[in-house]
Amino acid sequence: MSTMRRTTRPEEGFGAALPRKGRAAGALPPGERQAFTPDEMLAFMDFLEEIEAEGASVLPLFTPDPYLSMSLFLMRNHIEGKLTTISSLAAASGAPYATAMRRIGDMTERGLVDQRPRSASGKTFSLHPSPALIEAFGDYAHRIKLSIGRALGLAAKGDVADYYFGGSYLKARVVPLPAARTEPLGITGPLRILVHADPTFMAMDSLKRQFEHLLGVSIRNRALSIDRLRLEALANAERASSAYDIIAVDLPWIGEFAEKGVLAPLADCVAREDFDLADFHPAGWQGCMHRGEPYGMPIQTTPELLFYRRDLFDEAGLEAPRTTVDLLAAARALHRPARNLRGIAWNGARGTPLGHTFIFAMADFGQPVVNLRRRGDGFDPFDLTGERLRPMIDSEGGRRAADFLMELLDVSAPGVLSMSWFERVKAYASGEVAMAYGYSLLAPYFELDPSSPAHGTTEYVPHPGAPGRRSIAPVGGYVLGIPANLSEERRLATENAVRLLTSAEACKLYITNGSRVCPRFSVSADPDVRALSPIVGAVDDLARAGALQLWPRPPAPEFAEITAILGEEIHDMLCRRKSPAAALEDAQARADALMRVAGRY
Numbered sequence: 354m355s356t357m358r359r360t361t362r363p364e365e366g367f368g369a370a371l372p373r374k375g376r377a378a379g380a381l382p383p384g385e386r387q388a389f390t391p392d393e394m395l396a397f398m399d400f401l402e403e404i405e406a407e408g409a410s411v412l413p414l415f416t417p418d419p420y421l422s423m424s425l426f427l428m429r430n431h432i433e434g435k436l437t438t439i440s441s442l443a444a445a446s447g448a449p450y451a452t453a454m455r456r457i458g459d460m461t462e463r464g465l466v467d468q469r470p471r472s473a474s475g476k477t478f479s480l481h482p483s484p485a486l487i488e489a490f491g492d493y494a495h496r497i498k499l500s501i502g503r504a505l506g507l508a509a510k511g512d513v514a515d516y517y518f519g520g521s522y523l524k525a526r527v528v529p530l531p532a533a534r535t536e537p538l539g540i541t542g543p544l545r546i547l548v549h550a551d552p553t554f555m556a557m558d559s560l561k562r563q564f565e566h567l568l569g570v571s572i573r574n575r576a577l578s579i580d581r582l583r584l585e586a587l588a589n590a591e592r593a594s595s596a597y598d599i600i601a602v603d604l605p606w607i608g609e610f611a612e613k614g615v616l617a618p619l620a621d622c623v624a625r626e627d628f629d630l631a632d633f634h635p636a637g638w639q640g641c642m643h644r645g646e647p648y649g650m651p652i653q654t655t656p657e658l659l660f661y662r663r664d665l666f667d668e669a670g671l672e673a674p675r676t677t678v679d680l681l682a683a684a685r686a687l688h689r690p691a692r693n694l695r696g697i698a699w700n701g702a703r704g705t706p707l708g709h710t711f712i713f714a715m716a717d718f719g720q721p722v723v724n725l726r727r728r729g730d731g732f733d734p735f736d737l738t739g740e741r742l743r744p745m746i747d748s749e750g751g752r753r754a755a756d757f758l759m760e761l762l763d764v765s766a767p768g769v770l771s772m773s774w775f776e777r778v779k780a781y782a783s784g785e786v787a788m789a790y791g792y793s794l795l796a797p798y799f800e801l802d803p804s805s806p807a808h809g810t811t812e813y814v815p816h817p818g819a820p821g822r823r824s825i826a827p828v829g830g831y832v833l834g835i836p837a838n839l840s841e842e843r844r845l846a847t848e849n850a851v852r853l854l855t856s857a858e859a860c861k862l863y864i865t866n867g868s869r870v871c872p873r874f875s876v877s878a879d880p881d882v883r884a885l886s887p888i889v890g891a892v893d894d895l896a897r898a899g900a901l902q903l904w905p906r907p908p909a910p911e912f913a914e915i916t917a918i919l920g921e922e923i924h925d926m927l928c929r930r931k932s933p934a935a936a937l938e939d940a941q942a943r944a945d946a947l948m949r950v951a952g953r954y
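This is the structure in structure tokens:
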């Protein structure tokens, strides 16, 4: 059979396609190859491994290809930032040790494997995919993706190169209205939900009667500001029995709430209900996880972006800011107090709002707020033990972020040091500023207001990064979690309610009733949804490009406290009560003391 293969010689199997030294043989020009995001590439590798496993399981004489297995292992570790040794690579081949060592020798001779010394003596070393193997594997992934797309009939639609591997672009369609449950939830009293006071949850509240009909139970919502929401969730965990069935949880609280027993793990629910996890934006789904287990379901994935007035930029002959240098230059050019126009608005209010601003500014200069391990061109937000939790505030990235904010202050809106999430977007919507940092969920404040000078003139870009750094969009948003102290007789019904409230059908309802955020590819691909706002397509494009990143707000258990510390010290700096050096030193000392008291290192 042609599908069966033996892999006893280098010229057979995947090994036959491995290029000699230099540019990958037959490689597509870079401009013709669609880049894979790290998450999409990992999904592709999972697919290849499953194909190999199924073949070995059911096809007679089928033998997995050692070259492919080792290439997958090298590439996976490269993307995830994990160590590869010669013994681990040999074991990954699936071949006898002597055969595996010969195959590794073949790959090294062909310039596909690079060695990096791990000690001063050079006697120990780690293995890494060479640029040639990375390029070859990218071509291979691209070609296989196109072949699958053609097999699924996407070529006839002209979008074979434009679907997300493993995501619901493979089944883009008009998302229908949610269907009513054939049986009521089966709980007494109302379904009690604690949420954040933002447009998505306000849309949910406006749809309360419809959801009551769908679920067959009355609903009682309580909406609080972000800081009060966290404190109420923590206080609720101290009660003998939860006062709420469902709690909305900001992504960086997941680590704290999991460790403190605020939320119940949902792994059994996810497995039982067969959620389409590939439909969620990767960063949004990853934000639900703590130590490999989900503690919520995404209801909104909202990146912080730069909003800017295209009409004002065109008038001044300016391009969209791509770097922090561009941003400062544009803000200076458009800062015209005589015309009641300022350059930019941002979160400058003391405490949590400014703390987030500084953390994102550090990320723009390539520095996480804690000592995260590097992963590709970003960082791993899940390795949060020991030294990985050491604050990195008084660092080169911290100093550059502080200098950047001091410069930005001169071209900012009046009262910026008292602005938080809503005030900065309100200033932008009213025409007071030419630009604003803002979460995508707040776009309705000007997109739905025809009287706003920003209505119909706004465009969106990710956070401009320092020159030479990739621009990213720090991910925010909320998940719906179930309190750990919820009574057992309400647990199953509540899980069913979470499933409906986070479904694609419900997410479309939120968007068509005023929200502008969605955690699901299928909803973003819905033509009805995309027609409502340019921000839906913009965020979706950023998700597929891998620009939505969780690491600027890692779910460290002490994230909220560190954010509050930064919001106090940096506010003193911006008010010129402290020098930048003193503010960073004091913030570092306070955050370090917090971590030591918690026993983190």
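The C-terminal residue of the sequence shown carries number 954 in the numbering used here, and the numbering is unbroken. Think of the CB as a built atom: it goes at the ideal place given N, C-alpha and C, for glycine as much as any other residue.
- Message: Would G830 and V870 qualify as a contact pair, given that the criterion is a beta-carbon distance under 8 Å?
- Response: Numbered from 1 along the sequence shown, position 477 holds the residue referred to as residue 830. Numbered from 1 along the sequence shown, position 517 holds the residue referred to as residue 870. Contact flag set, yes.
- Item | alpha helix (DSSP H) segment containing T655, residue limits | In the sequence shown, residue 655 corresponds to position 302, counting from 1. Element bounds for T655: not the alpha helix (DSSP H) but the beta strand (DSSP E), M650 to R662.
- Closest to M460 by CA distance: which of S424, K476, H566 and H688 is it? Counting from 1 along the sequence shown, the entry for residue 460 is found at position 107. Of the listed residues, the one whose Cα sits closest to M460 is S424.
- Query: Can you list, in chain order, the residues of its chain whose CB lies under 6 Å from that of A494, leaving out five sequence neighbours each side?
  - Reply: For the purposes of this step, residue 494 is taken as the residue at position 141 of the sequence shown. F389 and F397.
- Going by Cα to Cα distance, which pick from S793, G696 and R743 is closest to E760? Position 407 of the sequence shown holds residue 760. Of the candidates S793, G696 and R743, the one whose C-alpha sits nearest the C-alpha of E760 is G696.
- Neighbourhood of G867 by C-beta distance below 8 Å, restricted to the same chain and skipping five residues each side: Residue 867 sits at position 514 when you count from the first residue of the sequence shown. Listed in chain order, the non-local C-beta contacts of G867 below 8 Å within the same chain comprise P552, M555, A556, S559, P797 and L801, local neighbours out to five positions each way being set aside.
- Task: Please state if the CB of S578 and the CB of A617 are separated by a distance shorter than 8 Å.
- Result: On the sequence shown, position 264 is the one that residue 617 refers to. On the sequence shown, position 225 is the one that residue 578 refers to. No; because the gap between Cβ atoms is not below 8 Å, this pair is not in contact.
- Task: To the nearest angstrom, report how far apart L862 and P872 are at their CA atoms.
- Result: Here residue 862 refers to the residue found at position 509 of the sequence shown. Here residue 872 refers to the residue found at position 519 of the sequence shown. Their Cα atoms are separated by approximately 13 Å.
- Item | CA-to-CA distance, M428 to P820, given in whole angstroms | Within the sequence shown, the letter at position 467 stands for residue 820. Within the sequence shown, the letter at position 75 stands for residue 428. Going by the C-alpha atoms only, they are around 28 Å apart.
- Query: Which runs of the beta strand (DSSP E) fall wholly inside the stretch 415-472 and span at least 3 residues, in chain order?
  - Reply: 466-470
- Item | Assumed close pair E757, T810 - CB separation to whole angstroms, cut-off 8 Å | Counting from one through the sequence shown, the residue named residue 757 turns up at place 404. Counting from one through the sequence shown, the residue named residue 810 turns up at place 457. Here residue 757 is Phe; the residue named in the question, Glu, does not match the sequence. F757 to T810, Cβ: 26 Å. No contact.
- DSSP state of R823, grouped into three classes? The count along the sequence shown starts at 1 and reaches residue 823 at position 470. R823 falls in the coil class under three-state DSSP.
- Message: Using only the alpha-carbon positions, how far apart do P635 and R692 sit?
- Response: Here residue 635 corresponds to residue number 282 of the sequence shown, with the count starting at 1. Here residue 692 corresponds to residue number 339 of the sequence shown, with the count starting at 1. Using only the alpha carbons, I get a separation of about 43 Å.
- Query: Are G447 and S422 closer than 8 Å when you measure CB to CB?
  - Reply: As a working note, residue 447 is residue 94 in the sequence shown. As a working note, residue 422 is residue 69 in the sequence shown. Yes, the Cβ-Cβ distance between G447 and S422 is below 8 Å.
- Would the stretch 716-729 and the stretch 904-919 be scored as touching if the rule is three or more Cβ pairs under 8 Å? yes
- Query: From what residue to what residue does the beta strand (DSSP E) around T811 run?
  - Reply: Walking along the sequence shown from the start, residue 811 turns up at place 458. From DSSP, the beta strand (DSSP E) with T811 extends over T811 to V814.
- Query: What distance in whole Å lies between the Cβ atoms of S483 and G464, which are believed to be in contact at a cut-off of 8 Å?
  - Reply: Within the sequence shown, numbered from 1, the residue matching residue 464 stands at position 111. Within the sequence shown, numbered from 1, the residue matching residue 483 stands at position 130. The pair is a contact, with the Cβ atoms about 6 Å apart (cut-off 8 Å).
- Mind checking which residues open and close the alpha helix (DSSP H) that includes R943? Position 590 of the sequence shown, counting from 1, holds the residue named residue 943. Counting along the chain, the alpha helix (DSSP H) containing R943 begins and ends at P933 to V950.
- Item | Beta-carbon proximity list for S793, same chain, < 7 Å, skipping 5 on both sides | The residue you call residue 793 lines up with position 440 of the sequence shown. Closer than 7 Å at Cβ, skipping near neighbours: T655, P656, L658, R869, V870, I888 and V892.
- Residues sharing a beta bridge with Y790, DSSP: Your numbering for residue 790 matches position 437 in the sequence shown. Paired residue(s): L659.
- Going by C-alpha distance, which of R753, I607, Y781 and A754 is nearest S765? Position 412 of the sequence shown, counting from 1, holds the residue named residue 765. Considering only alpha carbons, the answer is Y781.
- Item | Proximity below 8 Å, CB of A846 to CB of D632 | Taking the sequence shown and counting its residues from 1, one reaches residue 846 at position 493. Taking the sequence shown and counting its residues from 1, one reaches residue 632 at position 279. No, the Cβ-Cβ distance between A846 and D632 is not below 8 Å.
- Task: From the DSSP output, read off the bridge partner residues of H549.
- Result: Working through the sequence shown from its first residue, we reach residue 549 at position 196. BP columns for H549 point to L577.
- Cut-off 6 Å between Cβ atoms - residues of its own chain near E646, not counting five sequence neighbours on either side: Locating residue 646 in the sequence shown gives position 293, counting from the first residue. Cβ neighbours of E646 beyond the five flanking positions: P618 and A620.
- Measuring CB to CB, does M948 end up less than 8 Å from L742? Here residue 948 is taken as the residue at index 595 of the sequence shown, counted from 1. Here residue 742 is taken as the residue at index 389 of the sequence shown, counted from 1. Going by C-beta atoms, M948 is nearer than 8 Å to L742.
- Query: How close, in whole Å, do the beta carbons of R592 and N838 come, if the pair is a contact with beta carbons under 8 Å?
  - Reply: The sequence position of residue 592 within the sequence shown is 239, counting from 1. The sequence position of residue 838 within the sequence shown is 485, counting from 1. Right, the Cβ-Cβ distance comes to about 6 Å (below 8 Å), so this counts as a contact.
- For E740, which option in V602, L538, Q639 and A909 has the closest C-alpha, if you only look at C-alpha atoms? Position 387 of the sequence shown, counted from the start, is the residue given in the question as residue 740. When only C-alpha atoms are compared, the closest one is A909.
- Query: Nearest to V548 by alpha carbon, out of S571, H566 and R583?
  - Reply: Here residue 548 refers to the residue found at position 195 when the sequence shown is read from its first residue. Distances from the CA of V548 to each of S571, H566 and R583 were compared; the closest alpha carbon is that of R583.
- Item | Cut-off 6 Å between Cβ atoms - residues of its own chain near G784, not counting five sequence neighbours on either side | Within the sequence shown, residue 784 is the residue found at index 431, counting from 1. Contacts found: P806.
- Taking only the alpha-carbon atoms, compute the straight-line gap between D392 and R727 and give it to the nearest angstrom. Counting from 1 along the sequence shown, the entry for residue 392 is found at position 39. Counting from 1 along the sequence shown, the entry for residue 727 is found at position 374. It is roughly 15 Å from the alpha-carbon of D392 to the alpha-carbon of R727.
- Query: Quick one: Cα of A934 to Cα of F874, how far?
  - Reply: For the purposes of this step, residue 934 is identified with residue 581 of the sequence shown, where counting begins at 1. For the purposes of this step, residue 874 is identified with residue 521 of the sequence shown, where counting begins at 1. Cα to Cα, A934 sits roughly 44 Å from F874.
- Going by the CB atoms, is the gap between M772 and G701 shorter than 8 Å? Sequence index remark: in the sequence shown, residue 701 carries index 348 (1-based). Sequence index remark: in the sequence shown, residue 772 carries index 419 (1-based). Taking 8 Å as the Cβ cut-off, G701 and M772 qualify as a contacting pair.
- Skipping 5 residues on each side, what residues in its chain have a beta carbon closer than 8 Å to that of A698? Walking along the sequence shown from the start, residue 698 turns up at place 345. Excluding positions up to five away in sequence, the list reads S765, A766, V769, M772, E776, R777, V778, A780, Y781, E785, V786, M788, A789 and Y790.
- Message: According to DSSP, simplified to helix, strand and coil, what is D492?
- Response: Along the sequence shown, read from residue 1 onward, the residue named residue 492 stands at position 139. Looking at D492 - three-state DSSP - the assignment turns out to be helix.
- Query: So the alpha helix (DSSP H) L480 belongs to, where does it begin and stop?
  - Reply: The residue you call residue 480 lines up with position 127 of the sequence shown. Here L480 belongs to no alpha helix (DSSP H); instead the beta strand (DSSP E) covers F478 to P482.
- Message: Quick check for students: name the residue ranges of the beta strand (DSSP E) that lie wholly in the stretch 679-736, counting only runs of 3 or more.
- Response: 695-698
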